[in-house]
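Our numbering puts the first residue of the sequence shown at 761, with every later residue one more than the last. Where is the CB? At the ideal position from N, CA and C, for every residue including glycine. Please read these numbers as outputs of a predicted model, since none were measured by experiment. Report on the structure given below.
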Amino acid sequence: KPDKPYIIEDWRDIVAVSCDWFILGLRRDGTIATENGYPELKASDWHDIIAIHSKYSSTIGVKADGAVVITGDNSYYQQGDVSGWRDIVAVSGNNQYLLGLKADGTLVTVGDIPNDLRPALGWRNIIAISASQQLAVGLKEDGSVVCCANHAEAPSKLDWHDIVAIITRTYEAIGLKSDGTVVSSKADSPMNSWKLFDNLDNLEEERRVARAKRAEEKRLAEERAREEKRLAEERAREEKRLAEEKALQEK
761 KPDKPYIIED WRDIVAVSCD WFILGLRRDG TIATENGYPE LKASDWHDII
811 AIHSKYSSTI GVKADGAVVI TGDNSYYQQG DVSGWRDIVA VSGNNQYLLG
861 LKADGTLVTV GDIPNDLRPA LGWRNIIAIS ASQQLAVGLK EDGSVVCCAN
911 HAEAPSKLDW HDIVAIITRT YEAIGLKSDG TVVSSKADSP MNSWKLFDNL
961 DNLEEERRVA RAKRAEEKRL AEERAREEKR LAEERAREEK RLAEEKALQE
1011 K
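So, in structure tokens, the structure goes:
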């Protein structure tokens, strides 16, 4: 969406994000943050949200009671009725269909899901989902991954283990392992060399250290800026004094 810049610097207490045409943030208190405010998304008054999903110009939220709310300009989702959905813990999809993950590890759908992705509706023991038009991926309780594809470039099987999070990107499946490394279904993906943290058990401590480091860097930067401003003001005063002395001498 090139007509508006992303402005999210004032976000605080964010526990989850989702992005497509816009960036959506879930605050710790269950409310929604959007870049630039975006009142047209009509999600600013949502509350008790536990999971979010954004796609094109739609915003989807999962409430603490397991219900799903949808807003934005999306005729595909709104053709399907999610008012009867209950016990939902996560959602994913594209502009043509929406998958809902239930608390019992099964999936439901609305919209026009491709036939090749319908096997996902028979999955069991799923704890996380991610889906695109060409690919649906499910994370199982044991850290393994199941998938089904609607395109030759998308994987139809993933022999992954120790996975703690997943995401899809068009034809690509991406997984985060418990040791902090990232795996991709594309062998040439640069993400296969990523390592985001050292150990899942120590992740919160690593985040705390990283936050403290960023805060210290910010403090030092602000201190340098204040010192540079002070020196610049001193130079300006000295230049003014010398100019005034020169003017008096010339008289």
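Identify, in the order they occur along the chain, each residue of the same chain with its Cβ nearer than 6 Å to the Cβ of residue i, setting aside the five sequence neighbours on each side.
i: G826; result: R846, D847, I848
i: D958; result: G940
i: D961; result: none
i: S778; result: L784, I812, H813, S814
i: E977; result: none
i: K877; result: The question names Lys, but residue 877 is Leu in the sequence shown. Within the same chain, L877 has close Cβ partners A896, C908, N910.
i: G860; result: W845, I848, V851, V868
i: S916; result: A909
i: S949; result: none
Spatial neighbours of residue i within its chain, please: C-beta separation below 7 Å, excluding the five flanking residues on both sides.
i: N885; result: G865, K900, E901
i: Q838; result: Because the pLDDT of Q838 is 49, which lies under 50, any placement of that residue in the model is unreliable, and the number read from its coordinates should be weighed accordingly. If we look at Q838 and ignore the five residues flanking it on each side, its Cβ neighbours are I830.
i: H921; result: G903, S904
i: Y816; result: D780, W781, N834, N855
i: L963; result: F957
i: L1002; result: none
Residue i bridges to which residues according to DSSP?
i: V943; result: G935
i: T928; result: A933
i: S778; result: L784
i: L867; result: L861
i: T794; result: L784
i: I809; result: K823
i: A909; result: L895
i: I923; result: K937
What did DSSP end up calling residue i once you bin it into helix, strand or coil?
i: A996; result: helix
i: A1007; result: helix
i: D876; result: helix
i: L1002; result: helix
i: W771; result: coil
In chain order, what residues of the same chain lie with their CB nearer than 8 Å to the CB of residue i, ignoring the 5 residues before and after it?
i: A776; result: G785, L786, A811, I812
i: A863; result: G826, D847, I848, V849
i: L918; result: V897, V905, V906, C907, A933, G935, S945
i: A824; result: G790, D808, I809, I810
i: I888; result: A small correction: the amino acid at residue 888 is Ala; Ile does not occupy that position in the sequence shown. A850, L861, G898, L899, A925, I926, listed in sequence order.
i: R986; result: none
Using 6 Å as the cut-off, classify the Cβ of residue i as near or not near the heavy atoms of the ligand GTP, replying yes or no.
i: K937; result: The ligand GTP is not part of this structure, which contains no ligands at all.
Which complete beta strand (DSSP E) runs does the region 879-905 hold, if anything under 3 residues is left out?
Taking only runs of at least 3 residues, the beta strand (DSSP E) segments lying wholly in the region 879-905 are 886-891, 895-900.
Quick one: which unbroken alpha helix (DSSP H) runs of 4-plus residues sit fully inside the region 811-865? Chain order, please.
Here the runs fully enclosed are 835-839.
For the region 924-934 against the region 887-901, do three or more pairs of beta-carbon atoms, one drawn from each stretch, fall closer than 8 Å, so that the two count as touching?
The answer is yes - the region 887-901 touches the region 924-934, with three or more Cβ pairs under 8 Å.
Enumerate, from N- to C-terminal direction, the unbroken beta strand (DSSP E) stretches of 3 or more residues contained entirely within the region 942-990.
Listed in chain order, the complete beta strand (DSSP E) runs (minimum 3 residues) inside the region 942-990 are 942-944.
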